[in-house]
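Protein chains in written order, with our numbering: chain P, 70 to 814; chain L, 103 to 280; chain E, 43 to 228; chain S, 18 to 422; chain F, 4 to 327.
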């Protein structure tokens, strides 16, 4: 029984209630005769501003309602092709970011040892001067290449302009080597083009959606979720390969609870079924592919029975699901996934997905992979800087990861630690919390120790901000106008991010910060704008887009062009050396890699340990949103999922047995301990792995809401298996054991 | 009044100690066999104390390792075998006393001690026993009787020590009783 | 359906498609934003139920809110008349009459009600302020999976009535005899 | 534990109710024994009335002998029950605690249990004693930082008198019972002498000694002493009774190679595979997920204390003839791998013989599984699948269901 | 094995979370106590009125026994104060009396409560002696009061029979209402039983008798109350048994609710406090009192009061707790 509210009690005993009751009950409506009125809110704005979202990187169009200068609510923009008027919870929760009481409010300069998170507020002028001086000093001592930019998010374009002009090629986003990189390489090798974002997949029209390495539904990229629901409505079926009974698995016709790390074996076995039973698209294979015979020979012995000992999936289930996938071709979509940095064989794994898709002939077909185009919008014109980098990017050593298609953020971090191929002395970090984004924070800290300058530009005081020398508070996406968004999409469009309310506190938009720094670094010419609106207007004018309409609607749609053969797209061409779909890759063979995907067997978890898997929740985008009070109300901490049978047998939990909600700590193979995290004892996961949602367990002092809630998986990722093809960091190679959370004494 | 005297005499009539002892032994045996639990008393008092304290200062109780163990397993400190057992003791003794005509308000004391002193001694002795019972993990019921029957070495040490303590102290408090 | 329904001209109701819903909670937050629901209170929530043992599992996802019952125990148990049926049979709370006695909360089999910090009881209103303007409730509007459909059951031409005629559906706790008007499509 | 005790342990709430009933009996008997009266209790320490001693020791002897007989009859196992019901022995804390408790006993006139009885019969002093005990225990907890180390000192674990003297438990019980009877006789004598001396010393007969005389009625005493003797003899008989052979529990069994292979692949987390061969052989090749634990090191695994929720699979070189004793205390299922590792080698590491012509579907499936398994285990390429007729495949279409109401 | 992930829910309204805390069981207990006192006092008055006006020892009343009915409005007042504490919007409290909701037991109850004050006070006044009225008037130092008291007294005395029946009727209504209030909440399986009304009525009667027995009554008054009480305890035990039989043989939710008391979370505390300590032991003590002619002890009434409070407390908590 709860205690009495003391204040209430005092109020009552003071005797005031009688009078209050009379006043309210008697005067207002003694007999209750007036008609009852329900509760009516008033949250519609006086002013509704269209822009697009930045809570994740999908960039849905939103309408922000503004009333008395305050954003009251955010709803979907019905005109925007990505949101179609609907939003995921994060989109609605944008106000939680804007009005987060923990936001960075003033420029800060570090006053004690790095990482101690002690800062003093300074003026913008002082902070910018300090950054510019630091950058100049490093440039003079080590060359401009000794400065690296890490960025994530749409506002990063201004700083890329700054670094390019400054003469540093070391510009990297963790979204490549820590996320989508392997997928891009796998598809580039096979089709001559990557997947990109938003993924050009026609989920809406597919008959069979195969998710292997994707938990769409928990990973709420708005349009994809909308399309999946529409596909289900139209009777499409799902095949879901996941060690965990994900939301999508719950809707699937076939759920294959695969042993983690053995996807390639399964994909090869599917190919075996499809080829040996002649269920492939013979026409597409004959016309557009090379190396089919080699592939046929390669998978001839890779039967479902062969795959069973490797994957733990019963042969009959592999065979049946494989037949089903083939039966729905070409409207049978094997989803490429998004994050694909798991076991170090990830580019090959993505290649297997690409090859399977080719066998299904779903490339360029309705219900399969589309070939969209974007609107013709020229880039912003600005004078090229005279400073050119003299050295190549530092993210990889010669001969390593030859197929990497973009800078490796982890590689830049390695180079900073080892000073090879050359020392890196300064980091600018824009909108990415490297402590959680890069594997093994100990390694990142070691790199930071080598730096002369670390500048963090961010909205919230994430962990990386605590390590910075200078902190520049950026305005949130609702307080700034950014560059135009011109994606390739089946419905080409241009979208505008525009300022909804003026920046709060002393925060400034990224374009302003970059320009200020540019001017201080003698790069004023490259920042030939007064405000970002100049850039946007210039580009719109060059593309002959009505800016007024763009500002009014937030989006301008282009002419819809066919994106698949069913709509009249001519036969596709492929930008590979053979100009065909390379089932067998000469390119790989020449580089000394397997020309066709080979199964790799992952290391077994040591006795008493579990493989650590991570994923996403619909209400959060990594650690970026976990301090958002609104989203935190939906999910304030992560849980570690443990199979029920495995939990019952956990050593150390004999009596009482582990129950859902008990706090545990995870200890990895290198003895790293997590913060306490609640257990979820569940049937929904295999017994050889545990799962948690990424992005929790913050330790930064300034994140007053998120701090200490749940556990941080990145801390436990002290080992990675690097993809030899492209340098992606496979992170699902860590093992943890479950220990009791210590009772505080 | 003769009637009064008769009532008093009847009220003084207790069971033969050996009969009572065997009956007690059978209850204890039943407890050991049926519930796999010895009979106790001081553990319940401890739990009552901790519960009262945690109502006043919950944080303080949670921070004391000795007290925090009492709510292990997610149960309220009073949601415990011993507490229910002692509740039964209370009721059983009540019925026994009432049916024997011994249920009345009284202060049992020797002829040479005043009421306040007797009560102070009762309280003080209780405090000493409270501490002692915690130290020894049980009292005459839990340790000496139940542990003794299971032939636990510690229990026999404890039992001998109880008699030693009693006899050693008896001389100093003789005025209370004689 | 019940006699009460046939008598009414309008009968607002909602359908929720359990096949399409992914349990993302967009409805929950959109409702909170639209209705300025205080922290800790929810007019709408999501439940995911898993049955079975690995690997034979069944999942059921429900986005739930006040069922706007035709025979609502909250209304019949309200001692002051603060809970009432408004237009279209939607159950509403009049904050001016509510004493915060919580009898309605105890009476509701669905857990749809809560006490606001101001002291009166709050719950889903079917976004009547939006419906009056011809808009869908906020949860319906936001749902990325289009799992929620709102409409007038009294109008046989409404998309809701047609949907319910076409698809198999159920209500929660029918044994309570409350005649809920939130239908779950399976 | 007896069957009923196990049942109560699993049904906690019912166990609490049983506690209430047992407590009721405890309280009833204590009250009737006169333990609700401080003067009766204190008299023990002035030699005038040995009631406390007599009641306590007859209770202890009764319960002790009862437990011994129950043990002999196979109702319970003595040691587990003793370990569950009696605390560890912490020598010095217990000695000091006992001494202090005796001191508190004579000051207050009650022990903690009897104070409850006294309070229930209306003694205000009894209520004060309860209050004192409550306060005392809280004080102890408050003083934890000071006393914690002493509290935990001289821990001797579970220590029983029959361990100390290395005498079989029933024999010791008999000795204790005999000693008790001897002490009872001594106590009677002592009381008699003291009572006579008091009368001779002119002490006014206060009715108390009259009550004592009632107690001295000889009949029950003889009965009781006789009863104790009888029980003691029964206990000895129980000791003499031959140890009943215990039927092998159902949880000991065996597992075939095929079963093991499938379980290792499907749900390895429900198994714990122990390879008992010598470390070198095990390190070279073993069943996937197996731990190399030579038999001599089995004890170190603490299997008896595991939750026992996973099935323990034992792999020997060949068939295991006898189960190592450390394993038999494992609370869960223990399965011997039939044929041991030699069998595994033949089954999972050696290519299966070619399929006989005209083999049925089951044999073909088994052959395919084995060759795939061998391939997976040895890294060899799998044999091409046996030719099987490919039947046409059409995906199952969902039937359209009619609408509802 | 079912696993339910309820991402978030109203902390107050999620089934399984308590809506009502200590205030409600206390209110129900005091309401039942008031009802019991009313019925007991009225029945006693009737018994002695029928006994004739002779001055024999057996027909004498103790002042406590006569005036005990005044404890009813006092207990009710305290109970209503507890109820008020539970209201989250206290300034709207008068909304109870601006309407009458036919379908709401709480609305009925609110109006019943209002009728009880005049009924009990008048009845109490009719039981006073002249000297007591004098004492009261003197104590309050209001001259006019004396006349008003006399007027009311003679008015009430003339309607003694009506007042007696009115108090019995209102007492029964109040006692039953405390149970019906919970019984109308069909959402909570444990409560949704029509037996709760009679159960709380009988229990209220028993606690009312117990409270009265704590006072120095005449021997006959005490004996009457004790005998009634023993019957009430017997009926209460039977009703409890029926309640559980009904739950166990009913719908699944009811079975799960019953399981809370038949092996579940509330088993030990319910059977120990309510059944054993609160009913069986008092019944045993009262039986001993009758059979062995022991002098009355206060313990049985105290246990009954504790048991009565525990009954309501546990039922209110258990009714709101998650099932199974």
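Note that the Cβ used here is the ideal one computed from N, Cα and C, for glycine as well.
* **Minimum Cβ-Cβ distance from residue 201(L) to chain F less than 8 Å** => Closer than 8 Å to some Cβ of chain F, the Cβ of residue 201(L) qualifies, so yes.
* Asked: What span of residues does the alpha helix (DSSP H) with residue 119(E) cover, start to end?
  -> 115-119
* Asked: Can you give the Cα-Cα distance for residue 355(P) and residue 329(P), rounded to whole angstroms?
  -> 34 Å
* Which chain L residues sit within Cβ distance under 7 Å of residue 214(F)? -> Within chain L, no residue comes near residue 214(F); the closest Cβ sits about 20 Å away, beyond 7 Å.
* **Short CB-CB distance (under 8 Å) between residue 169(F) and chain L** => no
* To do: Determine the DSSP secondary structure at residue 717(P), reduced to helix, strand or coil.
  => In the structure shown, residue 717(P) adopts helical secondary structure according to DSSP, grouped into three states.
* 9 Å Cβ cut-off: residues of chain S touching residue 717(P) -> 324, 326, 327
* Does the distance from the CB of residue 604(P) to the CB of residue 146(P) come in under 8 Å? -> no
* Say whether chain F places a C-beta atom closer than 8 Å to the C-beta of residue 196(L). => yes
* To do: With DSSP as the reference, label residue 116(P) as helix, strand or coil.
  => strand
* When burial is assigned at 16 or more other CB atoms within 10 Å of the CB, is residue 528(P) buried or exposed? -> buried
* Asked: If you drop the 5 nearest sequence neighbours on each side, which residues of the same chain put their C-beta closer than 7 Å to that of residue 687(P)?
  -> The beta carbon of residue 687(P) is closer than 7 Å to those of 157, 158, 287, 289 in its chain, skipping five residues each way along the sequence.
* **Closer than 8 Å to chain L by CB, residue 366(S)** => no
* **Chain-ordered residues of the region 744-771 of chain P with a beta carbon less than 9 Å from chain F** => 749, 750, 751, 752, 753
* Measure from the C-beta of residue 19(S) to each C-beta in chain L and report whether the shortest distance is under 8 Å. => yes
* Residues that DSSP places opposite residue 192(E) in a beta bridge -> 56(E)
* Rank 192(L), 152(L), 203(L), 252(L) by C-alpha distance to the C-alpha of residue 178(L) and give the top, closest one. => 152(L)
* To do: Kindly indicate which three-state DSSP category residue 72(F) falls into: helix, strand or coil?
  => helix
* Rounded distance between the beta-carbons of residue 150(S) and residue 48(S), thought under 8 Å -> About 18 Å separates the Cβ atoms of residue 48(S) and residue 150(S), ruling out a contact at the 8 Å cut-off.
* Can a CB atom of chain F be found closer than 8 Å to the CB of residue 218(E)? -> yes
* Best match in 381(S), 292(S), 362(S), 370(S) for proximity to residue 395(S) [C-alpha to C-alpha] -> 362(S)
* Measure the beta-carbon distance from residue 670(P) to residue 379(P) and round it to whole angstroms, keeping in mind my assumption that it falls under 8 Å. => 6 Å
* **Supposed close pair residue 539(P), residue 200(P) - CB separation, criterion 8 Å** => 5 Å
* Asked: Is DSSP giving residue 444(P) helix, strand or coil here?
  -> coil
* To do: Pull up the CB-CB distance for residue 355(S) and residue 328(S), whole angstroms please, since I reckon it's below 8 Å.
  => About 14 Å; that fails the 8 Å criterion.
* Whole alpha helix (DSSP H) runs in the region 383-422 of chain P with 4 or more residues, listed along the chain? -> 384-396
* Asked: Exposed or buried, what is residue 7(F) when buried is set at 16 or more other beta-carbons lying within 10 Å of its beta-carbon?
  -> exposed
* For residue 467(P), count neighbouring Cβ atoms within 10 angstroms of its own Cβ and tell me buried if that reaches 16, exposed if not. => Flag for residue 467(P) reads exposed.
* Beta-carbon contacts of residue 779(P) that lie in its chain and below 7 Å, excluding the five residues immediately before and after -> 706, 707, 746, 765, 766
* To do: Determine the extent of the alpha helix (DSSP H) in which residue 708(P) is found, giving its start and end residues.
  => Residue 708(P) -> not in any alpha helix (DSSP H); beta strand (DSSP E) instead, spanning 708-712.
* 8 Å Cβ cutoff, residue 318(S) in contact with chain L -> No, residue 318(S) does not count as interfacial toward chain L.
* To do: For residue 293(S), go through chain P and note every residue whose CB falls closer than 9 Å to its CB, in chain order.
  => What residue 293(S) touches in chain P: nothing, since even the nearest Cβ is about 15 Å away.
* Where does residue 410(S) sit, in a helix, a strand or coil, going by DSSP? -> The predicted model places residue 410(S) with a pLDDT of 37, which falls under 50 and marks its position as unreliable; any figure quoted below should be read in that light. Residue state, collapsed to three classes: coil.
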